[in-house]
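Asker: Every letter in the sequence shown is one number past the one before it in this note's numbering, and letter 255, counting from 1, is 353.
The beta carbon of each residue, even a glycine, is placed where N, CA and C say it ideally should be.
Just so it is clear, the structure is predicted and the values come from calculations on it, not from any experiment.
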Amino acid sequence: RHVVTMKSTPFEGQAPGTSGLRKKVRVFQQPGYTENFIQAVFDVVKPEAGATLVIGGDGRFHNRTVIQQAIRMAAANGYDRVLVGQGGILSTPAASHVIRKYEASGGLVLSASHNPGGPDEDFGIKYNITNGGPAPETVTGAIHERTKTIDRWLTVEADDIDLDAVGETVVVGMTVSVIDPVADYADLMETLFDFAAIRAMVKSGFTMRFDAMGAVTGPYAHEILERRLGLAAGTVVNGTPLEDFGGHHPDPNLIHAKELYDLMMGADAPDLGAASDGDGDRNLIIGRGRFITPSDSLAMLAANIEVAPAYRGRLAGIARSMPTSAAADRVAEALNVPIFETPTGWKFFGNLLDAGKVTICGEESAGTGSDHVREKDGVWAVLLWLNILAARGVGVDAIAREHWARFGRNYYARHDYEGIDTDRANALMEGLKARLGELPGRGFGPLTVAVADSFSYTDPVDGSISANQGLRILFDDGSRVVFRLSGTGTQGATLRVYLESYVPPSGDLDAETAAMLAHQINAAEEIAGIAEHTGRAAPDVIT
Ligand code: VG1
Ligand code: CO
Numbered sequence: 099r100h101v102v103t104m105k106s107t108p109f110e111g112q113a114p115g116t117s118g119l120r121k122k123v124r125v126f127q128q129p130g131y132t133e134n135f136i137q138a139v140f141d142v143v144k145p146e147a148g149a150t151l152v153i154g155g156d157g158r159f160h161n162r163t164v165i166q167q168a169i170r171m172a173a174a175n176g177y178d179r180v181l182v183g184q185g186g187i188l189s190t191p192a193a194s195h196v197i198r199k200y201e202a203s204g205g206l207v208l209s210a211s212h213n214p215g216g217p218d219e220d221f222g223i224k225y226n227i228t229n230g231g232p233a234p235e236t237v238t239g240a241i242h243e244r245t246k247t248i249d250r251w252l253t254v255e256a257d258d259i260d261l262d263a264v265g266e267t268v269v270v271g272m273t274v275s276v277i278d279p280v281a282d283y284a285d286l287m288e289t290l291f292d293f294a295a296i297r298a299m300v301k302s303g304f305t306m307r308f309d310a311m312g313a314v315t316g317p318y319a320h321e322i323l324e325r326r327l328g329l330a331a332g333t334v335v336n337g338t339p340l341e342d343f344g345g346h347h348p349d350p351n352l353i354h355a356k357e358l359y360d361l362m363m364g365a366d367a368p369d370l371g372a373a374s375d376g377d378g379d380r381n382l383i384i385g386r387g388r389f390i391t392p393s394d395s396l397a398m399l400a401a402n403i404e405v406a407p408a409y410r411g412r413l414a415g416i417a418r419s420m421p422t423s424a425a426a427d428r429v430a431e432a433l434n435v436p437i438f439e440t441p442t443g444w445k446f447f448g449n450l451l452d453a454g455k456v457t458i459c460g461e462e463s464a465g466t467g468s469d470h471v472r473e474k475d476g477v478w479a480v481l482l483w484l485n486i487l488a489a490r491g492v493g494v495d496a497i498a499r500e501h502w503a504r505f506g507r508n509y510y511a512r513h514d515y516e517g518i519d520t521d522r523a524n525a526l527m528e529g530l531k532a533r534l535g536e537l538p539g540r541g542f543g544p545l546t547v548a549v550a551d552s553f554s555y556t557d558p559v560d561g562s563i564s565a566n567q568g569l570r571i572l573f574d575d576g577s578r579v580v581f582r583l584s585g586t587g588t589q590g591a592t593l594r595v596y597l598e599s600y601v602p603p604s605g606d607l608d609a610e611t612a613a614m615l616a617h618q619i620n621a622a623e624e625i626a627g628i629a630e631h632t633g634r635a636a637p638d639v640i641t
């Protein structure tokens, strides 16, 4: 192959965060910026002869441009074959599945997930390894190091390929297959769940709305929900992936999916309301008159997962990220399976899943998934809910009430302070970290601090240590407050304050969340001085 070497100099700040490198589109558009990062990935993973690379994205602005360039660079770096989703589309979980199914050496997932898209908005690049999951910190760390010294990137002279036609082309000796982005994934879903039972429930009158938020899950939801499961046409709304997501913020929470929420709380609510994010790995679940927090959803799915054919008799364990509520812990205890507490970000679940230690994982940020792929999976979570509703023959609200009556309820909320000054955010965290040792024994209203620490994780499979993963204040009544800075933002800093309090089955299981967390909210302010440090009197987003 004739390889062209392009001279280059390093760019600052190409450190992958919680989920890949995320920056403003204009940052990625600087000459050589995107190429440097992709070349750093290839320099670190060193594709072997015969290696296949999967490329796909969430369809946002700049997706196609980067895909065409990545194809040329893959050819120059010795890949034998590239699999790319038609139209440049592959949801994050679908990309994970395609990597595994076709035994690719890895994949480039082009997405900034739930962040807005468009020329003035966000873009992102994430590398997934051969198990289909996000690269672990050893790999992302090496990629970042490589970006600091990179002095060239490799490409070939070739025209753009036709991304819209399924089929094969050869690009300077490398085969490029444009594949149907939905078919493999939809087939996988049919092997996991009882589609016949869900179809029967639909025939007997079950209705739902799925809001794809103008993002990647539209084609998946149309195929699976409407075509394969028989839900009425129109069940899926905002079902065409758009470069700017229709100007919306494709984050499936009660603020950005407010229309869905209002529908589900109204008189005309269907049986189930669901939504997914930009790249299809998150999910929002709302029953008629009942919002299910992601932490509760993980617990309820875990408690009922064995109704789904592929999971019968094989729940090995449950994993949740540290800020996720302990609702899943109570399920694990009752079912006598281990529970693992990991740092934020799906990459920390990969080893546990590969080792067969856990079957289902979840995060408070609307991510749930299982060992079927190595990413969180929005449509999968919706299908598991459908399977459970079909098998149990009751509604979402009844499942929730029954769950709380058995396990108690973890009232939970996350307060986000977005776009705050980075230095001030760091000062808040550093100041709090320095004072952790003084907190145990101190009282804040009716709460007394039992433990205060900085969360550090030792991976039980490979022994790697990830320190500084969030500051935890645990109170003596079992409630807690957690402080973390986001690792996915592109502007300033975002402070996340996670609040949780537990009520046993004998307590008030149907109270207002804000009221149940009032003491924790006050304590968080008193402990960290949030208003003073951020200059904000209230959070920007509460989820
Ligand atoms: C956020 C969430 C985290 C999630 C990550 C990627 O990270 O808190 O739970 O794994 O986004 O999700 P952070 O560092 O901003 O808190 V996605 O849907 O953007 O791929
Ligand atoms: Co996402």
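With distances taken between CB atoms, is the gap from Lys455 to Pro441 smaller than 9 Å?
Answerer: Along the sequence shown, read from residue 1 onward, the residue named residue 455 stands at position 357. Along the sequence shown, read from residue 1 onward, the residue named residue 441 stands at position 343. Contact flag unset, no.
Asker: For a test of your reading of the model: does the CB of Asp377 fall under 8 Å from any non-hydrogen atom of ligand 1? Yes or no.
Answerer: Looking up residue 377 in the sequence shown gives position 279. Yes - ligand 1 has a heavy atom lying nearer than 8 Å to the Cβ of Asp377.
Asker: Taking the continuous beta strand (DSSP E) assigned at Val466, which residues delimit it?
Answerer: In the sequence shown, the residue the question calls residue 466 occupies position 368. At residue 466 the sequence reads Thr, which differs from the Val that was named. Note, Thr466: beta strand (DSSP E), 465–468.
Asker: Can we say the region 366–386 touches the region 144–164, given the rule of at least three CB pairs closer than 8 Å?
Answerer: Yes, they touch.
Asker: Trp251 bridges to which residues according to DSSP?
Answerer: In the sequence shown, counting from the first residue as 1, residue 251 sits at position 153. Answer is Met104, bridged to Trp251.
Asker: Below 8 Å on the Cβ atoms is my guess for Ile518 versus Thr632; work out the distance and round it to an integer in Å.
Answerer: Sequence index remark: in the sequence shown, residue 518 carries index 420 (1-based). Sequence index remark: in the sequence shown, residue 632 carries index 534 (1-based). The Cβ separation is near 5 Å, so the contact holds.
Asker: Rounded to the nearest angstrom, what separates Gly176 and Arg326 at their Cα positions?
Answerer: Here residue 176 refers to the residue found at position 78 of the sequence shown. Here residue 326 refers to the residue found at position 228 of the sequence shown. Rounded to the nearest angstrom, the two C-alpha atoms are 39 Å apart.
Asker: Is it right to say Ser302 is buried, meaning 16 or more other beta carbons lie within 10 angstroms of its own, or is it exposed?
Answerer: Taking the sequence shown and counting its residues from 1, the one referred to as residue 302 is at position 204. It counts as exposed.
Asker: Once the 5 residues before and after His212 are set aside, which same chain residues still bring their CB inside 6 Å of it?
Answerer: Counting from 1 along the sequence shown, the entry for residue 212 is found at position 114. Excluding residues within five positions, the ones whose Cβ falls inside 6 Å are Pro348, Asp349, Asp375, Gly376.
Asker: Any heavy atom of ligand 1 within a distance shorter than 8 Å of the CB on Arg594?
Answerer: Along the sequence shown, one-based indexing puts residue 594 at 496. Yes, Cβ of Arg594 sits closer than 8 Å to a heavy atom of ligand 1.
Asker: Under the criterion of a Cβ to heavy atom distance below 8 Å, does Gly585 qualify as lining ligand 1?
Answerer: Against the sequence shown, residue 585 aligns to sequence position 487. Correct: Gly585 has its Cβ closer than 8 Å to ligand 1.
Asker: Whole alpha helix (DSSP H) runs in the region 250–334 with 4 or more residues, listed along the chain?
Answerer: Counting only runs of 4 or more, we get 281–290, 293–301, 315–319.
Asker: Less than 9 Å between the beta carbons of Phe343 and Ala319, yes or no?
Answerer: Here residue 343 refers to the residue found at position 245 of the sequence shown. Here residue 319 refers to the residue found at position 221 of the sequence shown. No; because the gap between Cβ atoms is not below 9 Å, this pair is not in contact.
Asker: Give the single residue among Thr305, Ala331, Thr338, Gln567 whose Cα lies nearest to the Cα of Arg386.
Answerer: Here residue 386 corresponds to residue number 288 of the sequence shown, with the count starting at 1. Checked all of Thr305, Ala331, Thr338, Gln567; the closest Cα to Arg386 is Thr305.
Asker: Along the chain, where does the beta strand (DSSP E) containing Gly344 start, and where does it finish?
Answerer: Position 246 of the sequence shown holds residue 344. Premise fails: Gly344 is in no beta strand (DSSP E) and is neither H nor E.
Asker: Going residue by residue through the region 138–207, where are the continuous alpha helix (DSSP H) segments of at least 4 residues, counting only ones entirely within it?
Answerer: Taking only runs of at least 4 residues, the alpha helix (DSSP H) segments lying wholly in the region 138–207 are 161–174, 190–199.
Asker: Hey, would you say Val254 sits closer than 9 Å to Val274, going by beta carbons?
Answerer: Within the sequence shown, residue 254 is the residue found at index 156, counting from 1. Within the sequence shown, residue 274 is the residue found at index 176, counting from 1. It is not a contact, given that the beta carbons lie outside the stated cut-off.
Asker: Just the Cα atoms here: how many angstroms apart are Phe130 and Asp278?
Answerer: Numbered from 1 along the sequence shown, position 32 holds the residue referred to as residue 130. Numbered from 1 along the sequence shown, position 180 holds the residue referred to as residue 278. It should be pointed out that residue 130 corresponds to Gly in this sequence rather than to Phe. Using only the alpha carbons, I get a separation of about 30 Å.
Asker: Over what stretch of residues does the beta strand (DSSP E) that includes Tyr600 continue unbroken?
Answerer: For this step, residue 600 is matched to residue 502 along the sequence shown. Here the beta strand (DSSP E) through Tyr600 covers 591–601.
Asker: Since Leu530 and Phe581 are thought to touch, with beta carbons under 8 Å apart, how far apart are those beta carbons, to the nearest angstrom?
Answerer: As a first step, residue 530 must be located in the sequence shown, where it is residue number 432. As a first step, residue 581 must be located in the sequence shown, where it is residue number 483. Leu530 to Phe581, Cβ: 6 Å. Contact.
Asker: Am I right that Gly493 and Leu487 are in contact with their C-beta atoms under 8 Å? What's the rounded C-beta distance?
Answerer: Locating residue 493 in the sequence shown gives position 395, counting from the first residue. Locating residue 487 in the sequence shown gives position 389, counting from the first residue. Right, the Cβ-Cβ distance comes to about 7 Å (below 8 Å), so this counts as a contact.
Asker: Quick check: the region 465–472 against the region 539–554, are there 3 or more CB pairs under 8 Å?
Answerer: Contact between the region 465–472 and the region 539–554 is absent, because fewer than three Cβ pairs lie under 8 Å.
Asker: Evaluate Asp366 with the Cβ neighbour count: other Cβ atoms within 10 Å of its Cβ, from every protein chain shown; 16 or more gives buried, anything less gives exposed.
Answerer: Position 268 of the sequence shown, counted from the first residue, corresponds to residue 366. By the neighbour-count rule (16 or more Cβ atoms within 10 Å), Asp366 is not buried but exposed.
Asker: Ordered along the chain, which non-local residues of its own chain (more than five positions away) have a Cβ less than 8 Å from that of Phe291?
Answerer: To locate residue 291, count along the sequence shown from 1; it is residue 193. Taken in chain order, the residues that qualify are Ala406, Pro407, Ala408, Leu481, Leu482, Leu484, Asn485.
Asker: Helix, strand or coil for Val481, going by three-state DSSP, please let me know.
Answerer: Here residue 481 refers to the residue found at position 383 when the sequence shown is read from its first residue. According to the sequence as given, residue 481 is Leu; it is not Val. Leu481 falls in the helix class under three-state DSSP.
Asker: Please report the straight-line C-alpha distance between Asp551 and Leu526, rounded to a whole angstrom.
Answerer: On the sequence shown, position 453 is the one that residue 551 refers to. On the sequence shown, position 428 is the one that residue 526 refers to. Straight-line Cα distance between these residues: approximately 15 Å.
Asker: Could you work out which residue in Gly585, Ile625, Asn508, Thr588 is closest to Ala612 when comparing CA atoms only?
Answerer: Translated into positions along the sequence shown, residue 612 becomes position 514. Nearest of Gly585, Ile625, Asn508, Thr588 to Ala612, Cα basis: Asn508.
Asker: Which first and last residues belong to the alpha helix (DSSP H) in which Phe505 is found?
Answerer: One-based indexing of the sequence shown puts residue 505 at position 407. Looking at the DSSP string, the run of the alpha helix (DSSP H) that includes Phe505 is 494–505.
Asker: So, at 8 Å on beta carbons, what are the nonlocal neighbours of Asp218 in its own chain, with the 5 sequence-adjacent residues on each side left out?
Answerer: Position 120 of the sequence shown, counted from the start, is the residue given in the question as residue 218. Lys122, Val123, Arg124, listed in sequence order.
Asker: Report the CB separation of Asn336 from Asp309 in whole angstroms; it is logged as a contact under 8 Å.
Answerer: Looking up residue 336 in the sequence shown gives position 238. Looking up residue 309 in the sequence shown gives position 211. Contact holds; Cβ gap of about 6 Å.
Asker: Would Pro421 and Gly568 qualify as a contact pair, given that the criterion is a beta-carbon distance under 9 Å?
Answerer: Here residue 421 corresponds to residue number 323 of the sequence shown, with the count starting at 1. Here residue 568 corresponds to residue number 470 of the sequence shown, with the count starting at 1. Yes; because the gap between Cβ atoms is below 9 Å, this pair is in contact.
Asker: Round the Cβ separation of Leu252 and Thr103 to the nearest angstrom and send it over; I've been treating them as touching at under 8 Å.
Answerer: In the sequence shown, residue 252 corresponds to position 154, counting from 1. In the sequence shown, residue 103 corresponds to position 5, counting from 1. Their Cβ separation, rounded to whole angstroms, is 6 Å, which keeps Leu252 and Thr103 in contact under 8 Å.
Asker: Which residue marks the beginning of the alpha helix (DSSP H) containing Asp521, and which one marks its end?
Answerer: By one-based count along the sequence shown, residue 521 stands at place 423. Per DSSP, Asp521 belongs to the alpha helix (DSSP H) from 520–533.
Asker: Heavy atom of ligand 4 less than 8 Å from the Cβ of Ser577, yes or no?
Answerer: Only ligand 1 and ligand 2 can be found as ligands here, which leaves ligand 4 out of the picture.
Asker: Run the CB neighbour count on Asn524, radius 10 Å, all protein chains shown included, and call it buried at 16 or more, exposed below.
Answerer: The residue labelled residue 524 in the question sits at position 426 within the sequence shown. It counts as exposed.
Asker: Jot down the residue ranges of each uninterrupted beta strand (DSSP E) in the region 360–408, minimum 3 residues, whole runs only, in chain order.
Answerer: DSSP runs (the beta strand (DSSP E)) wholly in the region 360–408: 370–373, 382–385, 388–390.
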